[in-house]
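Engineer: Quick one: structure below, then a few questions.
Residue numbers (full-length UniProt numbering): 1 to 203.
Next comes the structure, spelled out in structure tokens:
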């Protein structure tokens, strides 16, 4: 049941948006004076505490601010949330967590492999969004990878999916056909990344 919970939430929220289509479109079209920095902070909090799947927030930002601006806000907000979580766990829980890891040889061996290929490991984890972002953040924090490595891999890895969410939001009510094409292209991109990842693992 837990595995299906995000999907159920996505479906419920999308249905609510469609049921209140006029109000949502009015909010999108309204050119209010909301400060972008305020929006960025709120979006970061949503990414840090995902009470709803962040993809929905990212899509709403794309609908409100357009593909480019919405996408940039998405990347900055989700990346900032990742950095905050990384630093919190790195400087508060990494010591005790490391001591637990060394008790289990397989986990310790996997962690050493992760650390040896830190940039690519985090990059592929971001590009193939199967592993929850919070798990990637926490595991990276308790490992010994450098913050700069985590930062670069996180930002680069988040660009495709966050821009895709923004594009889908921008097209949601205006061009359904393009939305379907966008999803298909992104799934093709994910398949390509997965094939590259598997080949690299086997090499």
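Glycine residues also receive a C-beta, built at the ideal position from the N, C-alpha and C atoms. Note that the structure is a prediction, hence the values are computed from the model and not measured.
Buried or exposed for residue 144, going by 16 or more other Cβ atoms inside 10 Å?
Structural biologist: Mapped onto the chain shown, residue 144 falls at position 144. Result: exposed.
Engineer: Return the Cβ separation of residue 73 and residue 43 in integer angstroms, given the expectation that the two are a contact with Cβ distance under 8 Å.
Structural biologist: In the chain shown, residue 73 corresponds to position 73, counting from 1. In the chain shown, residue 43 corresponds to position 43, counting from 1. Yes, they are in contact, since the Cβ atoms of residue 73 and residue 43 sit about 6 Å apart, within 8 Å.
Engineer: Could you round the C-beta distance between residue 140 and residue 122 to whole angstroms and report it? I think they count as a contact, below 8 Å.
Structural biologist: Stepping through the chain shown from its first residue, residue 140 is reached at position 140. Stepping through the chain shown from its first residue, residue 122 is reached at position 122. Their Cβ separation, rounded to whole angstroms, is 6 Å, which keeps residue 140 and residue 122 in contact under 8 Å.
Engineer: Quick one: Cα of residue 54 to Cα of residue 194, how far?
Structural biologist: Stepping through the chain shown from its first residue, residue 54 is reached at position 54. Stepping through the chain shown from its first residue, residue 194 is reached at position 194. Taking the straight line from one Cα to the other gives about 22 Å.
Engineer: Quick one: is residue 100 buried, meaning 16 or more other Cβ sit within 10 Å of its Cβ, or exposed?
Structural biologist: Here residue 100 refers to the residue found at position 100 of the chain shown. Answer is exposed; the Cβ neighbour count stays below 16.
Engineer: Whole alpha helix (DSSP H) runs in the stretch 121–188 with 4 or more residues, listed along the chain?
Structural biologist: Runs found: 133–142 and 147–171.
Engineer: Judging by CA-CA distance, which residue of 66, 71, 96 and 48 is the nearest neighbour of residue 81?
Structural biologist: As a first step, residue 81 is located in the chain shown; it is residue number 81 there, counting from the start. When only C-alpha atoms are compared, the closest one is 48.
Engineer: Spatial neighbours of residue 118 within its chain, please: C-beta separation below 7 Å, excluding the five flanking residues on both sides.
Structural biologist: If you number the chain shown from 1, residue 118 lands on position 118. 145 and 149.
Engineer: Give the secondary structure of residue 71 by DSSP, where H, G and I count as helix, E and B as strand, and everything else as coil.
Structural biologist: The residue you call residue 71 lines up with position 71 of the chain shown. Note: residue 71 maps to helix in three-state DSSP.
Engineer: When you compare the stretch 61–68 with the stretch 156–171, are there three or more beta-carbon pairs, one atom per stretch, that lie closer than 8 Å?
Structural biologist: At 8 Å Cβ cutoff, the stretches touch.
Engineer: Give every residue of the same chain whose Cβ lies closer than 6 Å to the Cβ of residue 153, excluding the five residues on either side of it in the sequence, and list them in chain order.
Structural biologist: Sequence index remark: in the chain shown, residue 153 carries index 153 (1-based). Excluding positions up to five away in sequence, the list reads 119, 122 and 123.
Engineer: Would you mind sorting residue 164 into buried or exposed? The rule is 16 or more other CB atoms within 10 Å of its CB.
Structural biologist: As a working mapping, residue 164 is identified with position 164 in the chain shown. So residue 164 ends up on the buried side.
Engineer: Is the CB of residue 196 under 9 Å away from at least one CB in chain C?
Structural biologist: The displayed structure is made up of one protein chain only, and chain C is not part of it.
Engineer: In whole angstroms, what separates the C-alpha of residue 185 from that of residue 135?
Structural biologist: Within the chain shown, the letter at position 185 stands for residue 185. Within the chain shown, the letter at position 135 stands for residue 135. Near 26 Å, if we compare the C-alpha coordinates of residue 135 and residue 185.
Engineer: Who are the Cβ neighbours of residue 167 in its own chain at under 7 Å, not counting the five residues just before and after it?
Structural biologist: Counting from one through the chain shown, the residue named residue 167 turns up at place 167. Within the same chain, residue 167 has close Cβ partners 62, 67 and 182.
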